[in-house]
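First comes the structure, then the notes that go with it.
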Amino acid sequence: MEGGHMGWFLFCCCFSLLFFHSSGSPRRNLPIIAFEDGYTPLFGDHNLAIHRDGKSVHLSLDERTGSGFVSHDLYLHGYFSASIMLPADYTASSF
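Numbering-wise, the sequence shown is residues -24 to -1, 1 to 71 according to mature numbering (1 follows the signal peptide of the UniProt record, and there is no 0).
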């Protein structure tokens, strides 16, 4: 992707995350399930670490691959929360 297109793409992704984060149903009434009860690793198993609480995971990127997971069930809609930490330097080609 060209630099301008990548910047626009990242802006749209961030805006979408903010929009969906702020416009959903109240989160306090939603059950929180263990990762293994609701999801299965899809690829990059060695880059997916389940935290001790069993309810959160750490996804990593390396030089060759990332990691991903898939829901056990198909949903028409739902709520999913994510915190993303980006590297400090310019890494637009990483995402």
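Don't be surprised by glycine CBs; every beta carbon is placed ideally from N, CA and C. On a predicted model such as this, the values are computed, not experimentally measured, just so you know.
Inter-residue spacing [alpha-carbon to alpha-carbon] between residue i and residue j
i: residue 37; j: residue 5; result: 33 Å
i: residue 61; j: residue 32; result: 15 Å
i: residue 16; j: residue 22; result: 13 Å
i: residue 29; j: residue 50; result: 25 Å
i: residue 40; j: residue 64; result: 20 Å
i: residue 7; j: residue 14; result: 12 Å
i: residue 20; j: residue 12; result: 16 Å
Proximal residues to residue i (C-beta, below 7 Å), its chain only, five neighbours per side dropped
i: residue 18; result: 44, 45 and 46
i: residue 80; result: There is no way to answer for residue 80, as the model of the chain reaches only from -24 to 71.
Start and end residues, alpha helix (DSSP H) containing residue i
i: residue 42; result: Segment: none, residue 42 is in no alpha helix (DSSP H) and carries neither H nor E.
Residues of its chain near residue i, where Cβ-Cβ distance is below 6 Å and the 5 sequence neighbours each way are ignored
i: residue 34; result: 25
Next on the checklist: If we require 4 or more residues per run, which alpha helix (DSSP H) segments fall completely within the segment 2 to 32?
Outcome noted: 11 to 14
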